[in-house]
């Protein structure tokens with residue numbers, strides 16, 4: 181900005197005409213505002229849409245080219261300082277403390293039992309090696325646990341400083357035995373993490389030069405641990421395990437924490453976990469019960485863990501992963517789907533129960549198969565004919581952000597869409613609920629987007645399932661904005677037509 | 014003394030670790046407590062436990078001859094029976110809903126109907142795979158061969174669909190007769206596979222109570238999931254916007270959809286609409302990926318575990334919420350990707366541990382001795398193994414056997430691993446994690462730890478050089494990566510050079526293996542590159558992988574001009 185101002189002032193025309201130069205300066209200041217909603221042409225309805233605070237200053241900021249990817253994918257990794265983000269990732273994935281939904285739940289058995297396997301090898305490892313293995317495993321697990329538990333607790337409470345976290349814990353009262361143990365664990369972890377965090381913060385932030393080398397060295401250490409543990413195992417066992425190890429590392433650095441990208445990791449290791457904890461006889465090898473590891477001799481432990489996990493998994497599945505109340509936990513099947521299957525309801529009735537107003541939306545948006553539809557969230561794309569050619573996807577408002585930077589005001593944004601052939605805008609009214617970013621960038625963009633549609637003579641609302649109760653009368657109408665009343669039915673979609 | 018101390022420390026740490034993990038998991042997953050507190054199906058659980066106990070008693074009864082009752086067909090009947098029980102209990106709990114016999118029959122009919130459609134596609138894949146392994150025989154364990162044939166057949170079928178899609182003739186009038194032709198031309202194999210998959214008694218030797226309960230509860234999870242996909246629309250953001258949307262568009266256009274990363278599995282799934290005209294069959298074909306992954310996992314686990322613990326392995330994996338979500342709710346293609354990964358792992362295992370001809374002959378001899386036949390010589394054995402093969406396949410096989418270079422003949426399994434990996438890459442680009450890991454594992458298998466480390470550094474350096482971490486936008490966080498990639502490559506090359514001088518023969522073999530793997534990995538992707546090049550007319554990696562979508566791109570500069578001009 182300073183270079184641009186200088187060039188303006190150096191210009192002869194502007195230098196001579198001081199009034200004009202001040203006007204240009206004012207225009208530049210207006211153009212440099214980062215929030216579109218601050219444009220004087222916009223109306224921000226105070227109290228209805230909260231504008232998020234700016235991100236914490238003082239840390240290194242990585243350049244993010246596409247905010248959409250950050251909002252969508254990086255939420256699984258978390259947004260801690262870089263080394264902590266990666267080191268806590270295995271724990272975060274199993275505990276799902278970054279994204280708490282069931283669709284990323286991979287259970288706890290692997291995380292609980294796999295490290296323990298290292299501590300109880302077969303008798304074919306020497307005492308010295310076994311001692312070193314034990315020290316290394318305990319040391320590594322403890323360090324990762326301290327970092328992971330602490331960062332999970334701090335994230336959950338929107339904190340970064342471990343000392344603040346300790347104060348919060350001190351003021352907290354535990355509710356039950358398990359909660360008490362959890363609080364005690366958090367306490368110990370935070371105390372141990374308190375001196376580690378400043379050390380990591382001193383050389384890192386949102387970006388650094390040290391995290392990748394740390395991960396490489398850690399992985400090399402892990403290779404040696406694994407190799408020591410399975411040195412006497414067969415070539416095929418070692419080869420498969422090393423394949424899994426390499427796969428795990430690549431997922432760790434490239435997978436953004438999305439568990440399903442590394443689904444092989446939650447599948448093949450069970451083979452070796454069960455192998456290490458069971459006492460089944462082996463054909464062809466000199467199998468001797470005495471040579472089995474301590475764990476394998478006590479294969480009832482495996483059965484105990486299995487029964488415990490299966491009880492939890494079955495009850496959770498029986499509630500269709502939605503145990504909100506006693507009625508919902510009866511829904512082992514989704515009622516409308518089963519009603520459709522037995523012929524009690526029609527296909528259209530089933531569609532409407534899952535996608536409210538989908539039949540009307542289909543009719544509206546497919547009336548003109550040459551028109552374009554601008555889509556912000558919603559799952560309606562599937563019901564739009566030729567949707568690969570007609571739907572402009574902007575789920576995380578990346579495109580919209582570029583448009584407001586170019587066109588500056590909402591009339592021009594809508595006009596630009598119209599010129600491009602867009603006839604309808606369909607949006608998910610709950611889009612901002614997915615925002616896990618610390619700076620709430622998605623919320624900000626969504627607010628700006630709603631403001632673009634609000635009180636805009638170039639658009640008219642065609643369809644929505646949100647209801648408001650008018651302030652003047654008690655009438656309930658289908659409407660998106662709260663300027664005329666209070667919301668009585670939230671709704672999840674709205675369709676606007678560009679006039 | 015020191016051993017005791019180590020043991021005590023290990024036990025103490027194991028206890029602490031276990032408690033910490035469980036309490037943290039319980040804290041971050043409060044839904045489990047709610048699900049247990051509000052559990053409504055205790056009666057159903059008791060019924061299933063009683064069924065399991067009954068089965069356990071029945072199967073473990075001493076018998077003079079092995080039990081022949083349990084085959085694919087009877088198992089499916091049992092599945093329908095369990096489904097009927099579950100649906101009945103469900104309707105019994107919900108007061109506002111009612112179920113009559115006609116409704117139950119309609120549900121079971123739909124269940125069976127969609128399963129039958131899926132079975133037909135499975136049959137076509139299996140027959141194609143069988144034909145392939147007839148022409149190019151591979152040395153794998155007999156028990157692994159069926160699942161590998163299905164994987165190969167699925168890849169071949171998808172390849173055929175790709176070319177029909179390019180021609181714009183992906184419609185029922187072309188595809189259905191083609192599939193019938195595949196079954197008809199190889200009718201002996203078709204009948205043989207139908208007999209084996211549906212009517213041949215399953216080998217349940219050694220199955221005990223643990224195994225029975227594991228299979229029973231696994232069946233329940235499968236039933237709960239499969240029953241939910243019998244609907245006329247997909248659910249879940251990714252499947253509705255992409256993975257099931259693509260089959261719909263393919264069906265609408267009778268051809269391929271412009272743009273998008275390679276979509277092999279969505280193309281395969283489109284058979285549900287193209288041939289059967291039903292979305293639930295599309296979803297069923299997606300579910301087939303999950304089912305086949307379980308079979309492949311079962312085969313793999315049996316290399317180390319017996320039938321009961323293998324069943325436990327499947328149950329522990331399939332009981333995980335994320336897996337269920339992928340199987341019935343948001344039907345991404347990751348379960349199909351898992352199926353291909355496990356199939357490649359099976360090939361890898363067979364490459365590591367080639368089955369001996371004697372063990373193969375012994376199995377067939379044992380079967381024939383049960384039929385009171387005599388022992389077989391290898392020529393007669395080959396006749397039996399290929400008795401289902403039509404003459405043209407045998408002729409084709411003889412032709413290739415004479416004309417294929419020996420390097421390909423000697424490395425058949427590597428070639429197949431490469432081809433299937435390429436097919437997997439065409440399902441989802443994240444398959445590259447597995448492929449890189451496979452290459453490093455081959456290096457480990459042949460050369461040991463030091464060779465693995467060399468491969469690790471080279472692979473990681475290549476990963477950063479290709480900027481694979483830029484795709485998920487992670488690269489920008491790591492300031493030193495442009496230097497690090499060269500350090501890693503240098504270390505890898507130095508190690509490789511050292512190993513070359515130390516173990517020249519092994520290193521030459523490894524380089525050749527890597528080249529074969531990589532070449533055949535790229536081969537199945539070339540058609541997709543061709544399609545994407547035709548759309549973009551660009552050789553950049555980005556354009557070759559993504560193509561050009563038909564969605565209009567907003568031309569901001571042009572729009573700005575038009576706005577200024579008042580248009």
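Residue numbers (my numbering), protein chains in the order written: chain G, 181 to 679; chain W, 14 to 580.
The beta carbon of each residue, even a glycine, is placed where N, CA and C say it ideally should be.
Every value quoted in this text rests on a predicted model; they were computed, and no experiment measured them.
Opposite residue i in the DSSP bridges: which residues?
i: residue 674 of chain G; result: G:607 and G:644
i: residue 649 of chain G; result: G:656 and G:666
i: residue 639 of chain G; result: G:678
i: residue 388 of chain G; result: W:491
i: residue 602 of chain G; result: G:552
i: residue 573 of chain G; result: G:555
i: residue 343 of chain W; result: W:248
Using the C-alpha atoms, what's the distance from residue j back to residue i?
i: residue 506 of chain G; j: residue 107 of chain W; result: 11 Å
i: residue 125 of chain W; j: residue 165 of chain W; result: 26 Å
i: residue 438 of chain G; j: residue 268 of chain G; result: 14 Å
i: residue 3 of chain W; j: residue 343 of chain W; result: Since the displayed chain W opens at 14 and closes at 580, residue 3 of chain W lies outside it and no answer follows.
i: residue 467 of chain W; j: residue 318 of chain G; result: 28 Å
i: residue 44 of chain W; j: residue 31 of chain W; result: 20 Å
i: residue 276 of chain G; j: residue 207 of chain W; result: 44 Å
i: residue 480 of chain W; j: residue 489 of chain W; result: 11 Å
i: residue 450 of chain W; j: residue 635 of chain G; result: 56 Å
i: residue 324 of chain W; j: residue 517 of chain W; result: 44 Å
i: residue 536 of chain G; j: residue 359 of chain G; result: 40 Å
i: residue 232 of chain W; j: residue 655 of chain G; result: 52 Å
i: residue 431 of chain G; j: residue 77 of chain W; result: 51 Å
i: residue 407 of chain G; j: residue 425 of chain G; result: 11 Å
i: residue 642 of chain G; j: residue 558 of chain G; result: 16 Å
i: residue 650 of chain G; j: residue 672 of chain G; result: 19 Å
i: residue 599 of chain G; j: residue 675 of chain G; result: 19 Å
For residue i, count the other beta carbons within 10 Å of its own beta carbon; 16 or more makes it buried, fewer makes it exposed. Which is it?
i: residue 271 of chain G; result: buried
i: residue 118 of chain W; result: exposed
i: residue 349 of chain W; result: buried
i: residue 644 of chain G; result: buried
i: residue 595 of chain G; result: buried
i: residue 561 of chain G; result: buried
i: residue 553 of chain W; result: exposed
i: residue 50 of chain W; result: exposed
i: residue 278 of chain G; result: buried
i: residue 152 of chain W; result: exposed
Put residue i into one of helix, strand or coil per three-state DSSP.
i: residue 566 of chain G; result: coil
i: residue 261 of chain G; result: coil
i: residue 554 of chain G; result: strand
i: residue 248 of chain W; result: strand
i: residue 32 of chain W; result: helix
i: residue 554 of chain W; result: helix
i: residue 157 of chain W; result: coil
i: residue 208 of chain G; result: Confidence at residue 208 of chain G is low in this model, with a pLDDT of 40, below 50, so its placement is unreliable and no value can be given for it.
i: residue 148 of chain W; result: helix
i: residue 205 of chain W; result: helix
i: residue 227 of chain G; result: Confidence at residue 227 of chain G is low in this model, with a pLDDT of 34, below 50, so its placement is unreliable and the value that follows should be read with caution. Residue state, collapsed to three classes: coil.
i: residue 54 of chain W; result: coil
i: residue 485 of chain W; result: coil
i: residue 501 of chain G; result: coil
i: residue 253 of chain G; result: coil
Leaving out the 5 sequence neighbours to the left and right, which residues in its chain are closer than 6 Å to residue i when beta-carbon positions are compared?
i: residue 548 of chain W; result: 271, 560 and 561
Within its chain, find whatever has a CB closer than 8 Å to the CB of residue i; leave out the 5 residues flanking it on each side and keep chain order.
i: residue 121 of chain W; result: 93, 96 and 97
i: residue 212 of chain W; result: 84, 85 and 86
i: residue 668 of chain G; result: 647, 648, 649 and 656
Tell me which residues share the same chain as residue i and place their Cβ nearer than 7 Å to its Cβ, disregarding the 5 neighbours each side in the sequence.
i: residue 522 of chain W; result: 459
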